[in-house]
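Here the sequence shown is numbered in our numbering, starting from 112 and rising by one per residue. Just so you know, even glycine gets a beta-carbon here, dropped at the ideal spot from N, CA and C.
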Amino acid sequence: MKLVTTKSELDKVINTEHSELSVGLVPTMGNLHLGHLSLVKTSLSKTQRTIVTIFVNPKQFGENEDFGKYPRTLEQDLKKLNALPQSENILVFAPQSEREIYPEGFSTTIEVSGLDHALCGLHRPGHFKGVTTVVYQLFKLTNAHLAFFGQKDYQQFRVIEKMVQDLSLPINLSMEPIVREKSGLALSSRNQYMSPAQKEEASLIFKTLSQLKESFLENPDKAMASRERLLFAEPRWQYLEILDAHSLKEVSEQTSKVLVAGAFTMGDTRLIDNILFRI
Ligand code: AMP
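Here's what the structure looks like:
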């Protein structure tokens with residue numbers, strides 16, 4: 112495994128070592144857990160070199176969000192990556208300065224419209240602009256052929272997919288399944304903000320989404336009614352939605368894939384999760 116922290120070091124490796132190889136990209140904000148590592152393993156199995164980026168992107172955090180306290184654990188992250196089979200095919204790009212991604216005077220924003228009217232787009236204004244801007248830069252800096260993202264951030268995946276399509280970016284995308292704890296809680300770097308009791312309670316997120324899915328398959332109208340009841344009975348749900356997974360709008364006759372998604376606040380910790388299924 113190799114670590115580079117500057118754009119010029121990254122360029123050098125790409126130009127000397129990657130020119131003939133298929134390259135996978137796994138963008139992360141670090142504090143790696145088994146969810147991230149499953150993306151890396153998938154990339155290693157499908158490409159000859161995998162670039163893992165570790166960058167806590169200030170542009171995707173709102174003013175009152177957790178940018179300052181977001182866990183930065185580079186040393187442990189490197190150990191975890193190094194312990195993976197085929198780790199010799201991993202290149203880690205962990206810029207230590209924001210300027211490696213956004214040079215002095217950088218003033219461009221990439222914004223995809225049309226998919227941010229719901230879910231996190233509604234509740235985190237500006238978040239997806241920050242995501243698409245950094246992901247665009249990472250695609251360009253790494254020259255990757257294939258990029259891997261988690262279904263956990265389903266709306267993020269859809270926004271990035273639209274950017275790639277609209278700008279004809281020469282990269283393919285792959286969305287990978289959500290890795291969960293035994294309790295059903297989706298792994299997240301933010302889980303460590305919670306006490307053990309909160310973590311246990313947080314398993315209700317996946318349970319609720321699963322119940323809504325089952326209920327929807329039995330009787331969609333009943334599921335819609337119980338979604339509303341659950342949302343209003345529990346103020347810690349920031350949103351709890353059953354949507355057409357393609358349009359991220361209401362389920363209709365045309366819907367073939369359904370997204371059940373929720374955002375829940377446990378103390379100061381905001382958690383998201385979702386389930387996708389065909390009908
Ligand atoms: P983050 O470091 O939170 O920006 O996440 C980096 C990538 O890992 C994103 O594509 C996420 O969707 C993905 N990811 C985060 N948590 C999980 C999980 N529990 N299972 C699978 N992928 C995940």
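Please find out if some non-hydrogen atom of the ligand AMP comes closer than 7 Å to the beta-carbon of Met-140. yes
Taking the alpha-carbon of Leu-202 as reference, which of Pro-288, Glu-128, Val-270 and Lys-113 has the nearest alpha-carbon? Lys-113
If you measure from the CB of Gly-146, is any heavy atom of the ligand AMP nearer than 7 Å? yes
Quick one: complete beta strand (DSSP E) runs, 3+ long, within the stretch 239-285? 257-261
Using the rule of at least 16 other Cβ atoms within 10 Å of the residue's Cβ for burial, across every protein chain shown, is His-228 buried or exposed? exposed
Between the Cα of Ser-133 and the Cα atoms of Tyr-181, Ile-282, Arg-381 and Val-245, which residue gives the shortest distance? Ile-282
Need the endpoints of the alpha helix (DSSP H) that Asn-385 sits in, please. No alpha helix (DSSP H) contains Asn-385, which is instead part of the beta strand (DSSP E) from 380-389.
Excluding the 5 residues preceding and the 5 following Glu-312 in the sequence, name in chain order all residues of the same chain whose CB lies nearer than 8 Å to its CB. Met-377
Could you tell me whether the stretch 214-231 touches the stretch 262-269, where touching means 3 or more Cβ pairs closer than 8 Å? yes
Find the nearest neighbour of Lys-170 within the set Thr-366, His-238 and Leu-252, judged by alpha-carbon distance. His-238
Bridge partners of Thr-164, per DSSP? Pro-138 and Phe-204
Does the distance from the C-beta atom of Arg-301 to that of Thr-380 stay below 8 Å? yes
Given 7 Å as the limit, tell me if Val-290 has its C-beta closer than that to any heavy atom belonging to the ligand AMP. yes
Name the residue from Tyr-247, Lys-251, Lys-293 and Glu-292 whose alpha carbon lies nearest to the alpha carbon of Ile-271. Tyr-247
Give the secondary structure of Tyr-304 by DSSP, where H, G and I count as helix, E and B as strand, and everything else as coil. helix
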